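Protein chains: 2
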Amino acid sequence: MRLVIARCAVDYQGRLSAHLPLAVRLLMVKADGCVCVHADSGAYKPLNWMTAPNVLVEEPGPAEGLLSRWTVTNPKGERLTIDIEEVLLDVDEPLGIGPGLVKDGVEAHLQELLAGDPTVLEAGLVLIRREHATDIGPVDLLCRAADGHTVVVEVKRRGDIDGVDQLGRYLGRLQLDSRLHPLRGVLVAQQIAPQAKVLCQARGYAWVEVDYDLLRGARLPDLTLF
Amino acid sequence: MRLVIARCAVDYQGRLSAHLPLAVRLLMVKADGCVCVHADSGAYKPLNWMTAPNVLVEEPGPAEGLLSRWTVTNPKGERLTIDIEEVLLDVDEPLGIGPGLVKDGVEAHLQELLAGDPTVLEAGLVLIRREHATDIGPVDLLCRAADGHTVVVEVKRRGDIDGVDQLGRYLGRLQLDSRLHPLRGVLVAQQIAPQAKVLCQARGYAWVEVDYDLLRGARLPDLTLF
DNA sequence: TATTACATGTCGACC
DNA sequence: GGTCGACGTGTAATA
């Protein structure tokens, strides 16, 4: 990884146009070719960048008082131009390839907990199948309610308006299968946006906000005693 | 900005759990306190990070063979732990506050241009209101067509299938207001995905692909002469 | 502060 | 290569 701290101006032409006036920035060039321009604030997104694959050309500055110019181009026709006036630091240190990041997410776990006990959502609810396949994607949970309804459950960490649409698409798809009639839909999330609730209301879908920690605790009651 | 290249292991506990095994990484500490852990590949997202505001505590490693431990915590209860075994580089260079990034060509600009002259979408189209409020979000452009239709315009930089859904939501919502009848919908973008066009077709929505540069040029014809 | 929609989103999975 | 869904999404603007 090459790290350069320099007084520079940056231009990007591609999906949009962006210009960064002259100032001191960090230029980061990764081993895979990715170039990032960072300021000393604003986590964690760089001001400008160019992802791999790309080509970086470094040449003497074309104008007076310009030390050098970096031109980074990619096959999509995007272009990043960095005009350097002064270099304060320039180091190149190989990092090598490190082992990957190991994640333990909440979303999948939430679905798992609900599959284990759907009655959290509605009394008497019984799981038919998890990740029930349809030709427009898998339904998170397919359940049977006490009143005989088939219930389509869409699980999200955060329930936004697009999650309501997703639920609607599954309902529309499963509606075609008369064996599943009558059909109902539920949006489940730790937090549901007001607009998503309005849309659920309008379309006749139910929604449930669940507390992840509480839910996890409910399945491990022995651990909550002391 | 402080830049440290070190052999280290990283743990994150917060919205999820993540562990990064021992390897050489770049640690970036910005003036506002943001901490990022970068590998030598992968644009531009860090492997781990902690956004400001936060507190960074640096202390001697608690175990044998451990040089030091950084603990970064924030008010939300998230925690980033960096165990450092070897430091290959450690520099601290003030960058100062630079001028901001200037962007051109984002959705807002496109919307602005279209609001200024809706006839590029359809002859005779007149703007009623920009950002017309509904309880499921603002309609980008609400227009009146020559044939008396009210036209709902959804503007995107890139038209994807979710943009068609968004247009559909607004149409469904405004359909409830008989004063706006009859109603039509148009999806506008610089580029529209094939599937989005298919969905528009199926639902009876119109779509228009516009050239941003051309559009901008059309409003400034005198500037394009030479 | 909370709510919302945009983002040069990025990234992975699947087709 | 395109589409789709998730992300510790981040980020800015707005109410």
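Line by line, the protein sequences are chains F and G.
The opening residue of the first sequence carries number 0 in numbering that gives the first Met the number 0; numbering runs sequentially from there.
The opening residue of the second sequence carries number 0 in numbering that gives the first Met the number 0; numbering runs sequentially from there.
Yeah, the Cβ is synthetic: ideal placement off N, Cα and C, and Gly gets one too.
Predicted model, so just to flag it, every value in this text is computed and none were measured.
Have a look at the options and flag the residue whose alpha-carbon is nearest the alpha-carbon of residue i.
i: Leu179 of chain F; options: F:Cys199, F:Ala144, F:Pro20; result: F:Ala144
i: Leu112 of chain G; options: G:Val56, G:Tyr211, G:Val3; result: G:Tyr211
i: Leu66 of chain G; options: G:Asp82, G:Lys75, G:Asp134; result: G:Asp82
i: Gly60 of chain F; options: F:Pro74, F:Cys7, F:Gly123, F:Asn53; result: F:Cys7
i: Cys35 of chain F; options: F:Ala5, F:Glu63, F:Ala62; result: F:Ala5
i: Gln189 of chain F; options: F:Leu214, F:Asp134, F:Gln174; result: F:Leu214
i: Glu63 of chain G; options: G:Met49, G:Glu84, G:Asn53, G:Val71; result: G:Glu84
i: Val209 of chain G; options: G:Gln200, G:Val71, G:His108; result: G:His108
i: Arg168 of chain G; options: F:Glu58, F:Ala122, F:Cys199; result: F:Cys199
i: Leu173 of chain G; options: G:Gly136, G:Ala205, G:Ala122, G:Leu124; result: G:Gly136
i: Asn73 of chain G; options: G:Trp206, G:Met49, G:Asp134; result: G:Met49
Mind checking whether residue i and residue j have CB atoms under 9 Å apart?
i: Gly203 of chain F; j: Glu153 of chain F; result: no
i: Asp159 of chain F; j: Ala132 of chain F; result: no
i: Pro3 of chain F; j: Asp89 of chain F; result: A small fix is needed here, since residue 3 of chain F is Val in this sequence, not Pro. Result yes, Cβ atoms of Val3 of chain F and Asp89 of chain F sit closer than 9 Å.
i: Thr80 of chain G; j: Val9 of chain G; result: yes
i: Lys102 of chain G; j: Leu15 of chain F; result: yes
i: Trp69 of chain G; j: Val56 of chain G; result: yes
i: Val187 of chain G; j: Leu141 of chain G; result: no
i: Gln110 of chain G; j: Arg128 of chain G; result: no
i: Glu77 of chain F; j: Gln12 of chain F; result: yes
i: Arg156 of chain G; j: Gly104 of chain G; result: yes
i: Ala30 of chain G; j: Met0 of chain G; result: yes
i: Pro181 of chain F; j: Gly147 of chain F; result: yes
i: Val54 of chain F; j: Val71 of chain F; result: yes
i: Asp161 of chain G; j: Asp176 of chain F; result: no
i: Ala201 of chain F; j: Gly171 of chain G; result: yes
Tell me, which residues are paired with residue i by DSSP?
i: Trp59 of chain G; result: Sequence inspection shows Pro at residue 59 of chain G; the Trp mentioned does not correspond to that position. Answer is G:Ser67.
i: His37 of chain G; result: G:Leu25
i: Gln190 of chain F; result: F:Arg157
i: Gly184 of chain G; result: G:Val151
i: His18 of chain F; result: F:Asp10, G:Val101
i: Leu140 of chain F; result: F:Arg129, F:Val152
i: Arg1 of chain G; result: G:Val28, G:Asp91
i: Asn47 of chain G; result: G:Val36
i: Thr72 of chain G; result: G:Val54, G:Arg78
i: Glu85 of chain G; result: G:Arg6
i: Asp134 of chain F; result: F:Gly136
i: Val207 of chain G; result: G:Val187
Could you give the C-beta distance for residue i and residue j, rounded to a whole number, given that I count them as a contact under 8 Å?
i: Cys33 of chain F; j: Ala51 of chain F; result: 5 Å
i: Ala114 of chain F; j: Leu100 of chain F; result: The Cβ separation is near 26 Å, so there is no contact.
i: Ala195 of chain F; j: Val150 of chain F; result: That belief does not hold up - the Cβ atoms of Ala195 of chain F and Val150 of chain F are roughly 18 Å apart, past 8 Å.
Open item on the list: Three Cβ pairs or more, each shorter than 8 Å: is that satisfied between the region 36-47 of chain F and the region 38-49 of chain G?
Closed with: yes
- [ ] Could you tell me whether the region 20-33 of chain F touches the region 95-109 of chain G, using the rule of 3 or more Cβ pairs below 8 Å?
- [x] yes
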